[in-house]
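So the structure is just underneath, and the comments pick up after that.
In the working numbering, the protein residues as written are 6 to 256.
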């Protein structure tokens with residue numbers, strides 16, 4: 006008979022499975038053309054992804070099952086779900102007739118799923134890369150998914166003209182897939198998003214990110230999410246080269 010301790014140990018796994026459910030709902034919403042709902046459930050999956058790790062650390066409930074479930078859920082929520090959003094945007098941009106799709110000869114519609122493949126590859130690399138315990142090498146899959154979700158939020162905002170010019174161009178969508186797929190697996194160090202201290206000397210990267218995020222929210226409001234992720238990528242590049250120059254100067 007399961008003990009209370011054993012039941013509590015699986016709380017993080019239950020949250021991880023809710024992450025998976027949120028990802029599945031996002032995919033269904035994309036199929037039904039409800040792209041903003043699809044983006045919303047990617048955000049919900051992101052919150053649940055944070056909570057499962059936080060809960061596991063809080064109650065010290067680390068399990069091999071939890072690690073495997075986390076990766077599998079992330080493939081769905083942050084790999085397939087955002088790719089489905091791009092699939093629908095690509096379909097609209099190509100003017101594919103209603104009722105037709107990939108298997109009717111519209112082969113360009115397969116391109117968004119390249120990003121899903123690279124998301125899976127990125128998660129596999131993360132699981133075996135011992136360098137990524139306190140920071141990241143390559144763009145984390147949740148951040149990549151948030152950037153894509155941000156595109157559909159922007160379509161229903163005062164900045165809809167800007168976002169519409171992006172999402173109605175199949176060429177731009179293909180470029181987005183190529184760039185994001187590269188960023189997922191590239192050897193670019195990206196700083197952790199966890200704010201472990203309010204000391205500016207220890208957490209200046211996270212504090213600069215937060216400051217920029219607040220500014221983007223104030224300016225772009227609902228359309229800010231993609232800008233915040235681009236800000237994170239930009240800062241990671243700047244800090245990488247700054248740290249590299251600092252190390253070279255000290256040698």
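Quick reminder that beta carbons are idealized off the backbone N, C-alpha and C, glycines included.
What you are looking at is a predicted structure, and each value in this text was computed from that prediction instead of being measured.
(request) Sort 148, 135, 98, 59 by Cα distance to residue 87 and report the nearest one. (result) The residue with the shortest Cα to Cα distance from residue 87 is 148.
(request) Within the same chain, show all residues whose beta-carbon is closer than 7 Å to that of residue 168, passing over the 5 residues directly before and after it, in chain order. (result) Apart from sequence neighbours up to five positions away, the residues of its chain that approach residue 168 with a beta-carbon distance below 7 Å are 156, 159, 160, 228, ordered along the chain.
(message) By DSSP's criteria, residue 195 is part of a beta bridge. Which residues make up the other side?
(response) 141
(request) Would you identify the three-state DSSP class for residue 164, choosing helix, strand or coil? (result) When DSSP states are grouped into helix, strand and coil, residue 164 belongs to the coil group.
(message) Taking the alpha helix (DSSP H) that residue 38 belongs to, which residues open and close that run?
(response) No alpha helix (DSSP H) contains residue 38, which DSSP labels as neither H nor E.
(message) Just to confirm, is the Cβ distance from residue 165 to residue 95 under 8 Å?
(response) no
(message) Suppose the cutoff is 8 Å on Cβ atoms and the five residues either side in sequence are ignored; what does the same chain contact list for residue 132 look like?
(response) 72, 76
(message) Rounded to whole angstroms, what is the Cα-Cα separation between residue 97 and residue 225?
(response) 25 Å
(request) Count the other C-beta atoms from every protein chain shown that fall within 10 angstroms of the C-beta of residue 35, then say buried if there are 16 or more, exposed otherwise. (result) buried
(request) Kindly indicate which three-state DSSP category residue 180 falls into: helix, strand or coil? (result) Shown here, residue 180 sits in a helix according to DSSP, grouped into three states.
(request) Under 7 Å Cβ to Cβ from residue 53, same chain only, skipping five residues before and after it: list those, please. (result) Cβ neighbours of residue 53 beyond the five flanking positions: 20, 23, 24, 27.
(message) With H, G and I counted as helix, E and B as strand and the rest as coil, what does DSSP make of residue 116?
(response) coil
(message) Considering only the alpha carbon of each residue, which of 85, 57, 63, 90 lies closest to residue 74?
(response) 57
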